[in-house]
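Written below as structure tokens is the structure these notes are about.
There are 2 protein chains.
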Amino acid sequence: MMRSRHSDALRAAQMYYLQDLTMDAIARELRTSRSTVSRLLSAARDTGLVQIQIRNPLDTGPELESMIRREYNVDVHVVPVLESLNEAETLDRVALQAARTIGPLVDSNAIIGVAWGSTLSAVSRHLTRKITHDTVVVQLNGAGNMHTTGITYASDIMRRFGSAYGARVEQFPVPAFFDHAATKAAMWNERSVQRILDLQARMSIAIFGVGSVEADYPSHVYAGGYLDENDLRMLAHSDVVGDVATVFFRRDGSSDGIVLNERSTGPALAQLRQVRRRICVVSGASKINGLRGALTAGLATDLILDEATARRLVGFGGVNPANG
Amino acid sequence: MMRSRHSDALRAAQMYYLQDLTMDAIARELRTSRSTVSRLLSAARDTGLVQIQIRNPLDTGPELESMIRREYNVDVHVVPVLESLNEAETLDRVALQAARTIGPLVDSNAIIGVAWGSTLSAVSRHLTRKITHDTVVVQLNGAGNMHTTGITYASDIMRRFGSAYGARVEQFPVPAFFDHAATKAAMWNERSVQRILDLQARMSIAIFGVGSVEADYPSHVYAGGYLDENDLRMLAHSDVVGDVATVFFRRDGSSDGIVLNERSTGPALAQLRQVRRRICVVSGASKINGLRGALTAGLATDLILDEATARRLVGFGGVNPANG
DNA sequence: ATCCATTCTGCACGTTTGTGCATAGAGCTT
DNA sequence: AAGCTCTATGCACAAACGTGCAGAATGGAT
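Protein chains in written order, with the numbering used here: chain A, 1 to 324; chain B, 1001 to 1324.
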């Protein structure tokens, strides 16, 4: 019969996770083999039928988390990672845990704003499926640059989000930065663009990393041909420490008077702050300055980051980064 | 150091459930043995650090559930149970799954109304701990009868709820039924009683079973010395099919004119319906008539019941009970 | 300092679970 | 119906896991 696959997975999950039966016992009840049950359960996890959450009671959590929470008024998820791991492995584990953490927050009718970048790309590879309805994934900022339209790169990320949650995907086919602010103004009056802007204005969840000017290996934005020498010099003179979705800010969280933002296609910081749930994912301690700025700017409601970075964020463990 | 126990459990849980590391790998990172990690994880589950939920996508669930959902407008959790199990084993498995299902719904600042009875007693034995703050567990109806004050029986249930969620427990030290409605009216003006009534009025969650007049082995209420022959005769003449928290109702969900209710200490059905989340737990197909009435009366927002009963509820599988 | 009681730990063993592979079955085409 | 492809199943083995037990560690009490 057709009922089998999905419905058996549901039954198996209930019996396994809620009634503590062994797979063997479940196999007998479902009249199948134990290995099938094992696979049913694994399917149940992969499709989001089983949701596993770790909730750490806010006040009893480790010192580190509560310090960050207090200082920046943000929900922190510190990802335990051995300090000996290299950047790539760390990113992978942060991304995996971020994906698992995000899953339960996504619900039907959500409008999910997604940025792009190496962090988001890693996260998008680890998303677990979850069946939702009328969910929309909308791209936060353009991805084109002087060399490519950026569409494939950014759209891979978007597509993964979309298929994980069964959501409609709305791409934003513009460059990351316009050459002229006037072009942006013109485009922003196009109805095709306004549809996207309207979705962004109604986002219920935003997911993004941070770019940091001083990062060891600089974010895409600062190295990938998005900005010319003029731009970079201008950034240096504006005390910019980092960006979120290609919108720049200073150490104190301010962004007024940064001319590059007038040509950027990301949502203004003030608009981003309107979003109910703003999830920032950070891996790698070298992003610390950008992260500090983003948090000071109040851009995130939830922060997922690796342990080493968390430690540096509150100032102990590791070299305290020079800052000017 | 002291950080160890709780905080290690948290780290272990994150690494195990969110990063898919093996216990072996976690043991190495935490510099301990694999068996310790196994125990840490089991502690994490027991203390509610790890929350596992089964969410069945509403529209894709098995036919049975959606039929009930449509007909009674209630969130259904059908507990898969072999038909060959006896009543006690079925109750145990329903109760276990109910306890696991309730856990994630309980949050800080909740006011949880709890009824008593064999079902609730079973549920209370299976609750998993979860750390919350300023949560209150309040008894829905008195438990005294002609022979005992009922305090130990009901309070065992209440105490288990209280300690599972770290909640304050408010007992309701009155008989299940007053002999005279006037006594109830007088008591209801007592400030000590009003404190309880006030809590009940502010409940955010109510958890109860149903009593059914025609059950194979009748609920406590109908056999336990709570009602005298007069009362029972009166019930029969009022077409009563069952009760929730010792408040009676008819097959069509109505309860007006049932005089016994004027002497009962449970919350009026209209008041119960005000509660945001009303969880009804039912095990045993013989409660079918009471259950139908309760659902028709709109008493529950969530229904947890065994498969056999669910099947009878929608009319197939098993003898359709005679009704008058 | 010593003793005791309690809790925690690691080992060793048996149990439970994941998975590669060969086979059976389902669905389609001709 | 035969032939094909693609998926689902069960077996068998290896990996991962839970737990009784004995010894180590901890924290009082004397």
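For glycine and all other residues, C-beta sits at the position ideal for the given N, C-alpha and C. Keep in mind it's a predicted model, so treat the numbers as computed, not measured.
Interface partners of residue i on chain A, CB under 8 Å
{"i": "LEU1303 of chain B", "result": "Those within 8 Å of LEU1303 of chain B in chain A number zero; the least Cβ separation is about 15 Å."}
{"i": "GLU1029 of chain B", "result": "PRO80 and LEU82"}
Contacting residues, own chain, Cβ-Cβ under 6 Å from residue i (five flanking each side not counted)
{"i": "ASP962 of chain B", "result": "Since the first residue shown for chain B is 1001 and the last is 1324, residue 962 of chain B is missing from the structure and cannot be characterised."}
{"i": "VAL1081 of chain B", "result": "THR1090, ARG1093, ASP1306 and GLU1307"}
{"i": "ARG1003 of chain B", "result": "Confidence at ARG1003 of chain B is low in this model, with a pLDDT of 44, below 50, so its placement is unreliable and the value that follows should be read with caution. Result list for ARG1003 of chain B: empty, nothing under 6 Å."}
{"i": "VAL37 of chain A", "result": "ALA12, MET23, ILE26 and ALA27"}
{"i": "HIS1006 of chain B", "result": "none"}
{"i": "ALA1044 of chain B", "result": "ALA1009, ALA1013 and VAL1050"}
{"i": "ARG168 of chain A", "result": "VAL136"}
{"i": "TYR1165 of chain B", "result": "VAL1106, LYS1130, THR1132 and THR1135"}
{"i": "SER1155 of chain B", "result": "GLN1171"}
{"i": "ALA285 of chain A", "result": "ALA308, THR309 and ARG312"}
{"i": "GLU1214 of chain B", "result": "ASN1289"}
{"i": "ASN1323 of chain B", "result": "Summary for ASN1323 of chain B: the model assigns pLDDT 36, below 50, so the residue's position carries little reliability, and this model does not support an answer."}
{"i": "ALA1238 of chain B", "result": "Reading off the sequence, residue 1238 of chain B comes out as Ser, not Ala. Once the five neighbours on either side are set aside, the close Cβ partners of SER1238 of chain B are ILE1258."}
Chain B residues whose Cβ lies nearer than 8 Å to that of residue i
{"i": "ASN56 of chain A", "result": "LEU1010 and LEU1049"}
{"i": "ALA308 of chain A", "result": "Neighbours of ALA308 of chain A on chain B: none; closest Cβ ~14 Å, over 8 Å."}
{"i": "PRO175 of chain A", "result": "Chain B residues near PRO175 of chain A: none, gap ~36 Å exceeds 8 Å."}
Cβ-based neighbour list, residue i, same chain, cut-off 7 Å, excluding 5 preceding and 5 following
{"i": "ASP8 of chain A", "result": "LEU30 and LEU40"}
{"i": "ASP1134 of chain B", "result": "SER1108 and ASN1109"}
{"i": "GLY1293 of chain B", "result": "VAL1241, GLY1242, PHE1249, ARG1250, ARG1251 and GLY1253"}
{"i": "ALA1099 of chain B", "result": "VAL1123, HIS1126, LEU1127 and THR1128"}
{"i": "MET1158 of chain B", "result": "VAL1114, VAL1137, GLN1139, VAL1169 and GLN1171"}
{"i": "TYR72 of chain A", "result": "LEU295"}
Unbroken alpha helix (DSSP H) run spanning residue i, endpoints
{"i": "ILE68 of chain A", "result": "63-72"}
{"i": "GLU1190 of chain B", "result": "Premise fails: GLU1190 of chain B is in no alpha helix (DSSP H) and is neither H nor E."}
{"i": "HIS126 of chain A", "result": "118-126"}
{"i": "HIS1077 of chain B", "result": "Unbroken run through HIS1077 of chain B is the beta strand (DSSP E), 1075-1079; no alpha helix (DSSP H)."}
{"i": "ILE288 of chain A", "result": "288-296"}
{"i": "ARG990 of chain B", "result": "For chain B, the structure presents residues 1001 to 1324; residue 990 of chain B sits outside this window and is missing."}
{"i": "GLN14 of chain A", "result": "Careful: GLN14 of chain A lies outside any alpha helix (DSSP H) and carries neither H nor E."}
{"i": "GLN1097 of chain B", "result": "1087-1102"}
{"i": "ILE26 of chain A", "result": "23-30"}
{"i": "ALA236 of chain A", "result": "229-237"}
{"i": "ASP1046 of chain B", "result": "1034-1046"}
{"i": "ALA268 of chain A", "result": "Premise fails: ALA268 of chain A is in no alpha helix (DSSP H) and is neither H nor E."}
Chain B contact residues for residue i, given Cβ-Cβ distances below 7 Å
{"i": "GLN19 of chain A", "result": "ARG1093, LEU1096 and GLN1097"}
{"i": "ALA13 of chain A", "result": "ILE1054"}
Amino acids of chain B, ordered along the chain, whose beta-carbon sits closer than 9 Å to that of residue i
{"i": "THR101 of chain A", "result": "LEU1018"}
Continuous beta strand (DSSP E) stretch holding residue i: start and end
{"i": "GLU1170 of chain B", "result": "1168-1170"}
{"i": "LEU1305 of chain B", "result": "1302-1306"}
{"i": "ILE335 of chain A", "result": "Any question about residue 335 of chain A goes unanswered here, given that chain A covers just 1 to 324."}
{"i": "ILE1111 of chain B", "result": "1111-1114"}
{"i": "GLN1019 of chain B", "result": "Run containing GLN1019 of chain B: none; DSSP gives neither H nor E here."}
{"i": "GLN139 of chain A", "result": "136-139"}
{"i": "ALA1143 of chain B", "result": "From DSSP, ALA1143 of chain B is part of no beta strand (DSSP E); its letter is neither H nor E."}
Contacting residues, own chain, Cβ-Cβ under 8 Å from residue i (five flanking each side not counted)
{"i": "VAL282 of chain A", "result": "VAL94, THR119, GLY209, VAL210, LEU291, LEU303, ILE304, LEU305, ASP306 and THR309"}
{"i": "MET187 of chain A", "result": "VAL174, PHE178 and VAL193"}
{"i": "ARG1277 of chain B", "result": "LEU1105, SER1204, ILE1205, ALA1206, THR1301 and ASP1302"}
{"i": "GLY1048 of chain B", "result": "GLY1103, THR1128, ARG1129, LYS1130 and ILE1131"}
{"i": "LEU212 of chain A", "result": "Per the sequence shown, residue 212 of chain A should be read as Ser rather than Leu. The answer, listed in chain order, is PRO218, SER219, VAL241, GLY242, SER286, LYS287, ILE288, ASN289, GLY290 and LEU291."}
Distance cut-off 8 Å: residue i Cβ against heavy atoms of the ligand PLP
{"i": "ASP1134 of chain B", "result": "The model on display carries no ligand, and the ligand PLP is accordingly not part of it."}
Could you say if the region 1296-1304 of chain B and the region 1245-1258 of chain B meet the contact criterion of at least three C-beta pairs nearer than 8 Å?
Enough Cβ pairs lie closer than 8 Å, so yes.
Taking contact to mean 3 or more Cβ pairs, one atom from each stretch, closer than 8 Å, check whether the region 1010-1020 of chain B and the region 76-85 of chain A are in contact.
Contact holds: three or more Cβ-Cβ distances are below 8 Å.
Segment contact flag, the region 1122-1136 of chain B with the region 1093-1109 of chain B, C-beta cutoff 8 Å, min 3 pairs:
Short answer: they touch.
Is the number of C-beta pairs between the region 200-216 of chain A and the region 108-125 of chain A that are closer than 8 Å three or more?
Three or more pairs of CB atoms, one per stretch, sit closer than 8 Å, so the region 200-216 of chain A contacts the region 108-125 of chain A.
The region 1261-1280 of chain B in contact with the region 1138-1145 of chain B per 3-pair CB rule at 8 Å
Verdict: yes, contact present.
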